[in-house]
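Undergrad: Residues in the sequence shown are numbered from 10 upward in steps of one, following this note's numbering.
Think of the CB as a built atom: it goes at the ideal place given N, C-alpha and C, for glycine as much as any other residue.
What you are looking at is a predicted structure, and each value in this text was computed from that prediction instead of being measured.
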Amino acid sequence: MTEMSYNFPMGFLIPLLLLVAISFGETLYIAVAASMRPLFVELAEVFESEHRNVEVRLTFGSSGNLYRQIAGGAPYDLFASADVLYAEKLRGTGKAVYYREFARGRLVVFSARNKDYRDGVEVLRNSERIALASPRHAPYGRSAVAFLKRAGLYEEVRHRLLYGANTAQALQFAASGGADAAVVPLSLVLHYGKGRFWEVPRDLYPPIRHTLVLTSRGEGKRS
Numbered sequence: 010m011t012e013m014s015y016n017f018p019m020g021f022l023i024p025l026l027l028l029v030a031i032s033f034g035e036t037l038y039i040a041v042a043a044s045m046r047p048l049f050v051e052l053a054e055v056f057e058s059e060h061r062n063v064e065v066r067l068t069f070g071s072s073g074n075l076y077r078q079i080a081g082g083a084p085y086d087l088f089a090s091a092d093v094l095y096a097e098k099l100r101g102t103g104k105a106v107y108y109r110e111f112a113r114g115r116l117v118v119f120s121a122r123n124k125d126y127r128d129g130v131e132v133l134r135n136s137e138r139i140a141l142a143s144p145r146h147a148p149y150g151r152s153a154v155a156f157l158k159r160a161g162l163y164e165e166v167r168h169r170l171l172y173g174a175n176t177a178q179a180l181q182f183a184a185s186g187g188a189d190a191a192v193v194p195l196s197l198v199l200h201y202g203k204g205r206f207w208e209v210p211r212d213l214y215p216p217i218r219h220t221l222v223l224t225s226r227g228e229g230k231r232s
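#1: Have a look at Phe69 and Val41 and give me their C-alpha separation to the nearest angstrom.
#2: Between His219 and Ser90, what straight-line distance do the alpha-carbon atoms span, to the nearest angstrom?
#3: Any idea what DSSP makes of Ile301, helix, strand or coil?
#4: Going by the beta-carbon positions, is the gap between Leu99 and Tyr85 smaller than 8 Å?
#5: Can you tell me which of Leu180, Pro215, Phe49 and Leu94 puts its alpha carbon nearest to the alpha carbon of Arg159?
#6: What are the start and end residues of each continuous beta strand (DSSP E) run of 3 or more residues lying completely inside the segment 83–162, in chain order?
#7: In this structure, does DSSP put Arg61 in helix, strand or coil?
#8: Straight-line CA distance for Val55 to Leu199?
#9: Leu170 to Arg115, Cα distance in whole Å?
#10: Pick helix, strand or coil for Glu35, following the three-state DSSP scheme.
#11: Assuming contact is defined by CB atoms lying nearer than 8 Å, are Ala80 and Val65 in contact in what I supplied?
#12: Check the C-beta distance from Gly173 over to Ala140 and give it rounded, since I have them as a contact under 8 Å.
#13: Would you report the Cα separation of Gly129 and Ala191, rounded to the nearest angstrom?
#14: Can you tell me where the alpha helix (DSSP H) holding Tyr201 begins and where it ends?
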């Protein structure tokens, strides 16, 4: 398993795209969890430069909302989810035919302000507003809540939590000053390139299993 970060190797995912696109000669529609935006923007550029007969169109959002769109018939060929459970659900209902876990996400406490980041738990304890993705829709949001509970912080800070529709919005809250800190993916923070962060120990949250899904629509286009 590869650790998720902005410099994720392109050579690992391109063969998975080829699984679908090699016989398309048309447009490839991919639904992508917001936490993976930097990776897939770069991946699409590399892929299109090497396979000029295929156009890649990306749609970003929370994994939960994208899952519901695909379950409802939205025309995506591939789905990059931050939670393998959505892949399993889609396959169980016949909306997906194949999936593969390709990375484990990493969670950080981030702030655009000058804070002491030797202890992210203390940073959160001293923050008036803490941003995270909605746990109803985003796997990273659920992992952030799990971290707060395991660290013994949740009851103390739950009234200070500010929920974004997805991880990108949660990061923007902290980057713009709307929140003092955010609990968000390392990949987005590295891409943002500003502020400071503290990586959450991995025993404080459940694994974030990034998965690429071939939908039944994508399989049908290959036939």
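TA: Walking through what the data contain:
#1: Spanning the two alpha carbons is a distance of roughly 5 Å.
#2: When rounded, the distance between both Cα atoms is 6 Å.
#3: Given that the chain is displayed from residue 10 to residue 232, the structure contains no residue 301 and the question cannot be resolved.
#4: The answer is no: Cβ separation not under 8 Å.
#5: Distance check between Arg159 and each of Leu180, Pro215, Phe49 and Leu94 places Pro215 closest, using alpha-carbon atoms only.
#6: When DSSP assignments are scanned along the segment 83–162, the uninterrupted stretches of beta strand (DSSP E) that are 3 or more residues long and fall wholly within it turn out to be 87–90, 105–113, 116–120 and 139–142.
#7: When secondary structure is reduced to three states using DSSP, Arg61 falls in the coil class, being assigned neither helix nor strand.
#8: The straight-line gap separating the alpha-carbon atoms of Val55 and Leu199 is approximately 20 Å.
#9: The alpha-carbon of Leu170 is positioned some 20 Å away from that of Arg115.
#10: DSSP places Glu35 in coil when its eight states are reduced to three.
#11: Not in contact: Ala80 and Val65 (Cβ atoms no closer than 8 Å).
#12: Cβ-Cβ separation between Gly173 and Ala140: approximately 6 Å, consistent with a contact (criterion under 8 Å).
#13: Roughly 10 Å between the two C-alpha positions.
#14: Annotation: the continuous alpha helix (DSSP H) that includes Tyr201 extends over Leu195 to Tyr201.
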